[in-house]
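Sequential numbering from 20 applies to the sequence shown in this note's numbering.
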Amino acid sequence: MATKKKVLLSNGTEVFIVDPTNDTKVYKLCVTQLDVNEGDPTKIDVTTLCEREKIQEVDGLLGSSESTFTINMDFSDETHKMLLAARKDKRELKFRIGQSDGDAQATHSSSGWGEETSRTWVDFTGYISKVPLSYSVNAVVQPQVSVTMTSGYSVTHKA
20 MATKKKVLLS
30 NGTEVFIVDP
40 TNDTKVYKLC
50 VTQLDVNEGD
60 PTKIDVTTLC
70 EREKIQEVDG
80 LLGSSESTFT
90 INMDFSDETH
100 KMLLAARKDK
110 RELKFRIGQS
120 DGDAQATHSS
130 SGWGEETSRT
140 WVDFTGYISK
150 VPLSYSVNAV
160 VQPQVSVTMT
170 SGYSVTHKA
């Protein structure tokens, strides 16, 4: 009999963001879609004049990364207000994504994220670059918020 393969479900994933003006306040953001991407390495041309066939390249530094998430916009929601203010001010934000393998809530202090180990976490920093508002008939306003990442992401595995 084959063993059942474990998979990570999307439902149950939660996004937490540290308030940029108070590092002990953590907002929980409910999203309908989320992508965390890594930038591609830049290419450095190391071709010499002796080369006759093709360009020689090596990988350089990682280029900028962008993450996106979609929300059901609510202009009265405290978290959505914070996102819009952070976009306007270009404030760097700390993001923590709690995976569906647990239900611990994220905490943060002046020394960083809490040590909750009953859930897998993905952490990164970045600033809100776009919150496009799109309106159509018989629909909710669902901006796909773009985050320009200022760090790569790191994964802290569930204990």
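Here a beta-carbon is modelled for each residue, glycine too, at the ideal position from N, C-alpha and C.
Computed from a predicted model, the values in this text were never measured in an experiment.
Counting the other Cβ atoms within 10 Å of the Cβ of Leu112 gives 16 or more, which makes it buried. If you check the CB distance, Thr51 and Ile90 come in under 8 Å. With a beta-carbon spacing of about 20 Å, Met92 and Pro39 fall beyond the 8 Å limit used to define contacts. Comparing alpha-carbon positions, the option among Trp132, Glu134 and Ser119 lying closest to Lys25 turns out to be Ser119. Beta-bridge partners assigned by DSSP to Val45: Val37. Taking the Cα positions, Thr98 is about 7 Å away from Lys47. Bridge partners of Gly131 according to DSSP: Ser128.
For the pair Thr61 and Ser165, the CB atoms are not nearer than the 8 Å cut-off.
Asp142 carries a strand assignment under DSSP once its states are collapsed to helix, strand and coil. When the Cα atoms are used, Leu152 and Ser130 turn out to be separated by approximately 35 Å. The residue among Asp96, Ile36, Ser84 and Asn30 with its C-alpha nearest the C-alpha of Thr169 is Ser84.
Taking the Cα of Cys49 as reference, the smallest distance to any Cα among Asp122, Val34, Val174 and Trp140 is reached at Val34. Beyond the five residues adjoining it in sequence on each side, Tyr154 comes within less than 8 Å, by CB distance, of Val160 in the same chain, given in chain order. In this structure, Ser128 lies near Asp42, with their beta-carbon atoms less than 8 Å apart. Looking from the CA of Tyr172, the closest CA among Ala158, Lys109, Gly121 and Gly145 belongs to Gly145. Take Leu103, set aside five residues on each side of it, and no residue of its chain has a beta-carbon closer than 6 Å to its own. Ile116 places its beta carbon less than 8 Å from that of Trp140.
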